[in-house]
Amino acid sequence: MLYRHFGRSGWRASRILLGMAGAMHPVGLTRWVALLIAVATTSLGCAHTQPPERNVYVISEDASGVGSSVEGGTGGAGADAYCSEMEKKCFRTCWRRKPNISSIDKGSGKHHEHCTKTCREEFMRCVKEQEELERQELQRKELHFPTIDAALDWLREHKTEVAVGTIVIVAGVAAAPYVVAIAAGGALILAPL
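Quick note on the numbering used here: the sequence shown kicks off at -16 and runs consecutively.
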């Protein structure tokens, strides 16, 4: 069969290459095994290499101003405006109805106090819910960078645009996740998750 593929002149060379030229000597077999091991090791890489060390990086010695220009969903003034509208709607609805407390007459001063108190509680609950939603939204934000140096450079330049808890994915370190945090000394850091 080898004769058909290599022709008459290639038959002898192919038998030598494939180790079919008589019985293989132990030295020849050892060389083949050593060659195969060398090829396999270099093609697969060294199996005992350590993963890259994941350090904590200092973005800034001072964490003041972090996230000061972050525009969250409805938080801050947006949450107050939304919840204020909800409070006004609550008050109008409450004022049109007779209070569920029998000692309060509809349209009286006590009725006004009742509606104000009830709707103020509704307003405070609304603000807390909006703040919690904003906090959860900020925690879900992720930033992606090709290298750790690119991430640190960008974070240093845009410190006010990044909130504490932001996830930073660095592709150069096997897609390693980091988080923007504040260290005990008040420094803004990038710590591995």
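Glycine included, C-beta positions come from ideal geometry on N, C-alpha and C. Please read these numbers as outputs of a predicted model, since none were measured by experiment.
Sequence-distant residues of the same chain with beta carbon closer than 7 angstroms to G5, five excluded per side: Your numbering for residue 5 matches position 22 in the sequence shown. Legend: pLDDT at G5 = 49, less than 50; position of this residue unreliable, value from coordinates given subsequently. Once the five neighbours on either side are set aside, G5 has no close Cβ partner at all.
In the structure shown, what three-state DSSP assignment does A21 receive? Residue mapping note: residue 21 aligns to position 38 of the sequence shown, counting from 1. Reduced to three states, the DSSP call for A21 is helix.
Less than 7 angstroms between the beta carbons of V41 and I172, yes or no? Taking the sequence shown and counting its residues from 1, the one referred to as residue 41 is at position 58. Taking the sequence shown and counting its residues from 1, the one referred to as residue 172 is at position 189. It is a contact, given that the beta carbons lie within the stated cut-off.
Supposed close pair A164, P175 - CB separation, criterion 8 angstroms: The residue labelled residue 164 in the question sits at position 181 within the sequence shown. The residue labelled residue 175 in the question sits at position 192 within the sequence shown. A164 to P175, Cβ: 10 angstroms. No contact.
Counting C-beta neighbours from all protein chains within 10 Å, is the total for E96 16 or more, i.e. buried, or is it exposed? By one-based count along the sequence shown, residue 96 stands at place 113. Its Cβ having fewer than 16 others within 10 Å, E96 is exposed.
Give the list of continuous alpha helix (DSSP H) stretches no shorter than 4 residues that lie fully inside the region 91 to 148. 92 to 123 and 131 to 140
Would DSSP call A64 helix, strand or coil? Your numbering for residue 64 matches position 81 in the sequence shown. Looking at A64 - three-state DSSP - the assignment turns out to be helix.
Could you tell me the alpha carbon to alpha carbon distance between G92 and C66, rounded to whole angstroms? Position 109 of the sequence shown, counted from the first residue, corresponds to residue 92. Position 83 of the sequence shown, counted from the first residue, corresponds to residue 66. Their Cα atoms are separated by approximately 24 angstroms.
Given G38, which residues of its chain have a CB within under 7 angstroms of its CB, disregarding the five upstream and five downstream residues? The residue labelled residue 38 in the question sits at position 55 within the sequence shown. Per the sequence shown, residue 38 should be read as Asn rather than Gly. If we look at N38 and ignore the five residues flanking it on each side, it has no Cβ neighbours.
Specify the secondary structure class of G58 as computed by DSSP and reduced to three states. For the purposes of this step, residue 58 is identified with residue 75 of the sequence shown, where counting begins at 1. Because G58 carries a pLDDT of 43, less than 50, the predicted location of this residue cannot be relied on, and the following value inherits that uncertainty. DSSP places G58 in coil when its eight states are reduced to three.
Specify the secondary structure class of L176 as computed by DSSP and reduced to three states. To locate residue 176, count along the sequence shown from 1; it is residue 193. Coil.
For the region 133 to 142 and the region 102 to 110, state whether three or more C-beta atom pairs, one from each stretch, are separated by less than 8 angstroms. no
For A64 versus V110, is the C-beta distance shorter than 7 angstroms? By one-based count along the sequence shown, residue 64 stands at place 81. By one-based count along the sequence shown, residue 110 stands at place 127. Cβ distance not < 7 angstroms, so A64 and V110 don't count as in contact.
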